[in-house]
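Residue numbers (our numbering), protein chains in the order written: chain A, 16 to 314; chain B, 16 to 314. First the structure, in the form of C-alpha cells, and then the observations on it.
2 protein chains.
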Amino acid sequence: MSEILIHEVGLRDGLQVEKQVVPTAKKLEWLRALMASGLDIIQVGSFVHPEKVPQMADTDELFRILIAEKPSNVLLSGLALNEKGVERGLKCGVELFCLGVSASETHSQKNTGMGTEEAQRRIIAAAQEAIKAGKRVQVSVQSAFGCGFEGRIPEERVLGIVKSYLEANLTSISLADTAGHAYPDQVRRLFGEIRKLSSAVQCTCHFHDTYGLGMANVYAAMDAGATCFETSFAGLGGCPFTKVSAGNVATEDLVHGFHRVGRRKDIDLSALIAVAKDVSAFFSRDMQGRVYKTGSLSY
Amino acid sequence: MSEILIHEVGLRDGLQVEKQVVPTAKKLEWLRALMASGLDIIQVGSFVHPEKVPQMADTDELFRILIAEKPSNVLLSGLALNEKGVERGLKCGVELFCLGVSASETHSQKNTGMGTEEAQRRIIAAAQEAIKAGKRVQVSVQSAFGCGFEGRIPEERVLGIVKSYLEANLTSISLADTAGHAYPDQVRRLFGEIRKLSSAVQCTCHFHDTYGLGMANVYAAMDAGATCFETSFAGLGGCPFTKVSAGNVATEDLVHGFHRVGRRKDIDLSALIAVAKDVSAFFSRDMQGRVYKTGSLSY
C-alpha cells in the first residue's frame with residue numbers, strides 16, 4: 016500500500032443518516048466500483064442492531080459476498096460498537112475492525128448506551144479479541160475535537176483515551192471529528208501531541224464539513240503527520256446520534272487534491288466521480304462533494 | 016484596523032455571475048448590514064460597461080449613497096478594469112481601487128479585451144493615477160494559480176507581474192484564484208516567493224471553491240503570510256468570463272473559523288449569517304456557504 020492511504024467510509028458513516036434505505040444490490044454496485052477504483056480501505060458497514068440503524072442491516076451479508084471477490088490490494092473494514100459486533104464481524108470476514116470511544120460522555124451514552132470509561136474498557140477488550148483472531152484493528156476517538164452536546168472537549172480527555180490504546184499496544188489510531196467542530200490549529204496540535212506519545216503510532220483523521228473547515232482540517236492533519244484519511248464518496252455522511260451534522264469530506268475531492276500534486280495517481284478519479292454522480296441521482300439531490308459536479312482538472 | 020483583514024467581495028465578484036439582477040435597494044440593504052458587521056473592506060461593485068455586466072450598472076450610484084453614511088472603520092473598494100474605470104471611481108468616491116492583470120493571456124483577452132502585457136502597462140498607469148488622486152490601491156494577479164482555458168500558469172509569469180507592481184511601488188498585492196485551480200502546496204510556495212521579493216509587500220488572497228480546496232487554500236495562504244482575505248457573503252461568486260466557475264470562500268465561514276481561535280471577535284457573525292440567509296432567500300436556492308445553514312458554534 017502507498018504512503019498515504021484512503022479509507023472510504025461512505026457506505027457506513029454516509030448511509031447511516033439517510034432515511035431512504037439503499038437496497039443491497041445498489042450498495043454492491045457502489046462497493047464494487049469503489050473497490051475497483053484503487054482506494055485502499057473500504058468500510059462496508061457497521062455491526063449495530065438492525066432495528067436501531069436499519070440502513071446497516073445487510074452488513075454481514077455484504078461482507079460475505081464481497082470478501083470472496085475483492086481485489087487483493089483492498090482491505091474491507093467494518094465498524095463494531097462492542098464485543099458482539101466483533102463476534103458478528105469475525106463470522107462474516109471483516110479484515111479490519113474499526114472500534115472507537117467517544118471523548119464526549121453525552122455522545123458516548125447516546126451512541127452506544129455506555130459512558131466513556133466503560134466504553135474504553137470494553138472497546139480495548141474487543142480490539143484485543145479481534146487481534147487474537149488474526150485481524151487488523153483501528154481504534155478511534157470520536158468527538159475528539161468538540162461535541163454538539165458538550166461543546167469543548169478537553170484535549171487531555173482525548174489524549175487519555177489515546178494513551179490507553181497505546182498501553183494496550185493498539186497503535187493504529189483515528190481521531191474523528193464527529194460533529195465537525197475541529198479547526199486547523201487544534202488539529203495540528205492534537206495530532207502533534209499524539210505523535211509525541213509514540214513513534215509507532217499511525218494516525219488517521221476523519222472530518223465532517225459542518226462548518227466549512229473539513230478540507231482545511233485534512234491538510235492540517237496531513238501537515239501534522241496523519242497518513243490515513245477517512246472520507247465519504249460524494250461527501251455523504253453525518254452521525255445520527257449527534258446534534259448538528261454534515262457530510263464527510265468527499266473522497267473524490269480529496270483524491271483530486273492529491274492528483275494535483277502527483278500523489279495517488281493510481282486511484283481512478285473518474286470512477287469515483289461516476290459513483291458520486293450515481294449517489295446524487297439515487298438520492299435525487301445535490302451532494303456535498305464538489306468535483307463530481309465541476310469535473311476534474313487533468314493537468 | 017486589525018492584523019488580519021477581511022475584504023468582502025460578494026457584491027462584485029458574487030453578483031456579477033447572477034442572472035437575476037439585484038435591485039439597488041436590496042444591494043443597499045445588504046451593504047448596510049455588511050458595513051455594520053465590522054468587516055474591514057467592502058467591495059461595492061465594478062466599473063465595467065453596464066451593457067456587458069448589467070448587474071454592476073448601479074455601482075456609481077451605490078458609492079455616492081454609501082460614502083456619505085459609511086462607518087469610519089470601513090473602507091469601500093471598487094474594481095476598475097482600466098483608466099476609464101478609475102476616472103468613474105474618482106467621481107463617485109471610491110476609497111480603495113482594486114486593479115488587476117490576469118496571468119492568463121486567454122482569460123485577460125476575454126475579461127478585458129487586452130493581452131496580459133498591455134493590461135499590465137495600463138493597469139499600473141491607472142493605479143498610479145488613483146494614487147496621485149490620494150486613493151488607496153490594491154493590485155492583483157488574476158488566474159494566478161491556473162486557468163480554465165490555459166490550464167497551468169507558469170509561476171514565473173505570476174512573479175513577473177508581481178515584480179512589475181513592486182517596481183512601480185505598488186505593494187498591496189492580491190493573488191486571485193479566479194478559476195479555483197489552486198492547491199495548498201502551490202499557494203504556500205507562491206506567497207512565499209512573493210514575500211521574498213519585498214519586505215514591504217502586503218499579501219491578499221482570493222480563492223474560489225471550485226474543487227473543494229477553497230478553505231484549505233485560505234489557511235495555506237495565512238500560513239505563508241497573507242494577511243488580507245477576499246471572501247463573499249453566503250459564498251456567492253464566480254467570474255462570468257472563465258470556464259468552470261464556483262463561488263468564493265464564504266465570509267461567514269471564514270469569520271466563524273477565526274472566532275474558533277479567538278480572532279476578529281469584533282466582527283458580528285450573527286449579522287453576517289442573517290445577510291447570507293437573506294441572500295439564499297432572495298435567489299431561492301441553497302448557497303455555497305455552510306455556517307449560515309448549520310448555525311455557529313459559540314464556545
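The C-beta atom is built at its ideal place from N, Cα and C for all residues, glycine as well.
Return the residue from the list the options that minimises the CA-CA distance to residue i.
i: residue 165 of chain B; options: B:262, B:119 and B:19; result: B:119
i: residue 127 of chain B; options: B:108, B:98, B:263 and B:102; result: B:98
i: residue 34 of chain A; options: A:305, A:298, A:108 and A:125; result: A:298
i: residue 131 of chain A; options: A:29, A:188 and A:158; result: A:158
i: residue 23 of chain A; options: A:230, A:31, A:32 and A:46; result: A:46
i: residue 72 of chain A; options: A:94, A:291 and A:86; result: A:94
i: residue 182 of chain A; options: A:43, A:78, A:135 and A:125; result: A:135
i: residue 227 of chain B; options: A:259, A:270 and A:198; result: A:270
i: residue 161 of chain A; options: A:140, A:180, A:194 and A:171; result: A:194
i: residue 219 of chain B; options: B:114, B:163 and B:140; result: B:114
i: residue 186 of chain B; options: B:198, B:151 and B:172; result: B:151
i: residue 189 of chain A; options: A:206, A:262 and A:25; result: A:206
i: residue 229 of chain B; options: B:215, B:191 and B:108; result: B:191
i: residue 212 of chain A; options: A:58, A:171, A:96 and A:244; result: A:171
i: residue 311 of chain A; options: B:147, B:225 and B:138; result: B:225
i: residue 96 of chain A; options: A:290, A:169 and A:140; result: A:140
i: residue 31 of chain A; options: A:75, A:223 and A:69; result: A:69
i: residue 198 of chain B; options: B:103, B:208 and B:222; result: B:222
i: residue 79 of chain B; options: B:87, B:148, B:65 and B:110; result: B:110
i: residue 123 of chain A; options: A:149, A:87 and A:163; result: A:163
i: residue 167 of chain A; options: A:49, A:196 and A:149; result: A:196
Name the two residues that bound the continuous beta strand (DSSP E) containing residue i.
i: residue 192 of chain B; result: 187-192
i: residue 112 of chain A; result: 111-117
i: residue 151 of chain B; result: 151-157
i: residue 61 of chain B; result: 56-62
i: residue 20 of chain A; result: 20-23
Which residue comes first and which comes last in the alpha helix (DSSP H) that contains residue i?
i: residue 207 of chain A; result: 199-212
i: residue 107 of chain A; result: 98-107
i: residue 145 of chain A; result: 131-147
i: residue 269 of chain A; result: 266-275
i: residue 122 of chain B; result: 120-127
i: residue 177 of chain A; result: 170-182
i: residue 14 of chain B; result: The shown model of chain B, from 16 to 314, leaves out residue 14 of chain B, and the question about it has no answer.
i: residue 76 of chain B; result: 74-82
Do you know offhand how far residue i's Cα is from residue j's?
i: residue 246 of chain A; j: residue 54 of chain A; result: 11 Å
i: residue 238 of chain A; j: residue 203 of chain A; result: 7 Å
i: residue 154 of chain B; j: residue 89 of chain B; result: 19 Å
i: residue 307 of chain B; j: residue 38 of chain B; result: 23 Å
i: residue 174 of chain B; j: residue 309 of chain A; result: 28 Å
i: residue 303 of chain B; j: residue 251 of chain B; result: 7 Å
i: residue 201 of chain A; j: residue 265 of chain A; result: 21 Å
i: residue 15 of chain B; j: residue 261 of chain A; result: Limits of chain B in this structure are 16 at one end and 314 at the other, which puts residue 15 of chain B out of reach.
i: residue 179 of chain B; j: residue 25 of chain B; result: 28 Å
i: residue 288 of chain B; j: residue 67 of chain A; result: 35 Å
i: residue 216 of chain B; j: residue 91 of chain B; result: 21 Å
i: residue 63 of chain B; j: residue 275 of chain B; result: 38 Å
i: residue 146 of chain A; j: residue 101 of chain A; result: 10 Å
i: residue 129 of chain A; j: residue 259 of chain A; result: 21 Å
i: residue 184 of chain A; j: residue 84 of chain A; result: 32 Å
i: residue 143 of chain A; j: residue 296 of chain B; result: 53 Å
i: residue 291 of chain A; j: residue 52 of chain A; result: 12 Å
i: residue 249 of chain B; j: residue 305 of chain A; result: 16 Å
i: residue 300 of chain B; j: residue 300 of chain A; result: 13 Å
i: residue 284 of chain A; j: residue 263 of chain B; result: 24 Å
i: residue 156 of chain B; j: residue 86 of chain A; result: 47 Å
Can you have a look at residue i and say buried or exposed, based on whether 16 or more other CB atoms are within 10 angstroms of its CB?
i: residue 281 of chain A; result: exposed
i: residue 294 of chain A; result: buried
i: residue 267 of chain A; result: buried
i: residue 40 of chain B; result: exposed
i: residue 106 of chain A; result: exposed
i: residue 27 of chain A; result: buried
i: residue 314 of chain B; result: exposed
i: residue 236 of chain A; result: buried
i: residue 214 of chain B; result: exposed
i: residue 272 of chain A; result: buried
i: residue 117 of chain A; result: buried
i: residue 149 of chain B; result: exposed
Hey, residue i and residue j are a contact pair by Cβ (cut 8 Å); roughly how many whole angstroms apart?
i: residue 56 of chain B; j: residue 279 of chain B; result: Wrong, their Cβ atoms sit about 13 Å apart, outside the cutoff.
i: residue 60 of chain B; j: residue 77 of chain B; result: 6 Å
i: residue 241 of chain B; j: residue 234 of chain A; result: Actually they are not in contact, since the Cβ atoms of residue 241 of chain B and residue 234 of chain A sit about 15 Å apart, beyond 8 Å.
i: residue 104 of chain A; j: residue 82 of chain A; result: Their Cβ separation, rounded to whole angstroms, is 11 Å, which puts residue 104 of chain A and residue 82 of chain A out of contact at 8 Å.
i: residue 177 of chain A; j: residue 138 of chain A; result: That belief does not hold up - the Cβ atoms of residue 177 of chain A and residue 138 of chain A are roughly 13 Å apart, past 8 Å.
Does the Cβ of residue i lie closer than 7 Å to at least one heavy atom of the ligand NAD?
i: residue 18 of chain A; result: As for the ligand NAD, it is missing from this structure, which has no ligand bound.
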